[in-house]
Amino acid sequence: MGHQGLIQSQRGRMDNVETQLIGSMILTCPSRETMRRGLEISGMEASHQSVVMVTFERAQFLQYQGGKKKYRRLISRHDLTSKMIAHPMLFVMSPSGHIHSLVFKQSESRELRSIKKGLLRMLTTEAVKSSRGQTDGFGGKYYQRYEKSHSSKFLTILQKYSKKDFIRIPLSKRRMQYEGMHVVNVSKDKHVVQSA
Numbered sequence: 025m026g027h028q029g030l031i032q033s034q035r036g037r038m039d040n041v042e043t044q045l046i047g048s049m050i051l052t053c054p055s056r057e058t059m060r061r062g063l064e065i066s067g068m069e070a071s072h073q074s075v076v077m078v079t080f081e082r083a084q085f086l087q088y089q090g091g092k093k094k095y096r097r098l099i100s101r102h103d104l105t106s107k108m109i110a111h112p113m114l115f116v117m118s119p120s121g122h123i124h125s126l127v128f129k130q131s132e133s134r135e136l137r138s139i140k141k142g143l144l145r146m147l148t149t150e151a152v153k154s155s156r157g158q159t160d161g162f163g164g165k166y167y168q169r170y171e172k173s174h175s176s177k178f179l180t181i182l183q184k185y186s187k188k189d190f191i192r193i194p195l196s197k198r199r200m201q202y203e204g205m206h207v208v209n210v211s212k213d214k215h216v217v218q219s220a
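To convert a position in the sequence shown, counted from 1, into the numbering used here, add 24.
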């Protein structure tokens with residue numbers, strides 16, 4: 025995931041800057057029970073909620089400068105693996121899939137909290153074949169299509185979104201440009217997700 029935008033300076037406009045967050049994460053199955061602290065956070069009954077944890081095998085923050093990928097240069101690189109491992113992502117979810125709260129530690133920095141919020145928004149995006157309004161507070165529209173693969177055993181689902189989908193971004197932040205895609209391979213025989 026990432027975004028691409030124009031950086032403004034007092035002396036003039038700099039070239040395109042693209043920011044990327046790359047890595048791999050492990051999504052655990054929802055728990056059947058929630059601790060009392062989780063109940064206090066979400067304000068729901070134990071029978072109506074579950075806790076999901078996301079751990080990170082590796083995470084890296086990259087920033088490139090340059091309009092064309094062939095000529096762009098790396099201007100910033102940060103390895104976030106140790107920070108993300110020390111602070112796994114926890115959120116409380118209802119059986120319908122709605123996210124009620126994202127659990128943070130007091131020691132987490134604002135940077136890590138922003139990354140987790142962005143990842144959670146990307147993971148919980150809803151879409152159908154035709155566009156529809158979203159429930160994540162942005163009010164944009166997403167598009168999803170189902171690709172025919174060479175093998176009849178797997179179904180590939182592609183879901184694209186871009187800056188145009190987020191229509192409620194403040195005017196001061198509309199210089200940000202980004203686009204992303206979710207790719208999910210589903211086994212038709214076992215009815216389970218093979219990769220995502």
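Where a beta carbon is used, it is the ideal one built from N, C-alpha and C, also for glycine.
Counting the other Cβ atoms within 10 Å of the Cβ of K214 gives fewer than 16, which makes it exposed.
Closest in C-alpha terms to I99, from the list S48, L86 and S106, comes L86. Annotation for T105: the continuous alpha helix (DSSP H) segment containing it runs T105 to A110. I109 and F128 do not touch by the CB rule: their CB atoms are close to 16 Å apart, not below 8 Å. Sequence-distant partners of P112 (beyond 5 residues in either direction) whose C-beta falls short of 6 Å from its own C-beta, in its chain, are M77 and T79. Bounds of any beta strand (DSSP E) do not take in Q130, whose DSSP letter is neither H nor E. When DSSP states are grouped into helix, strand and coil, S138 belongs to the helix group. Under the three-state reduction of DSSP, R97 is assigned to strand.
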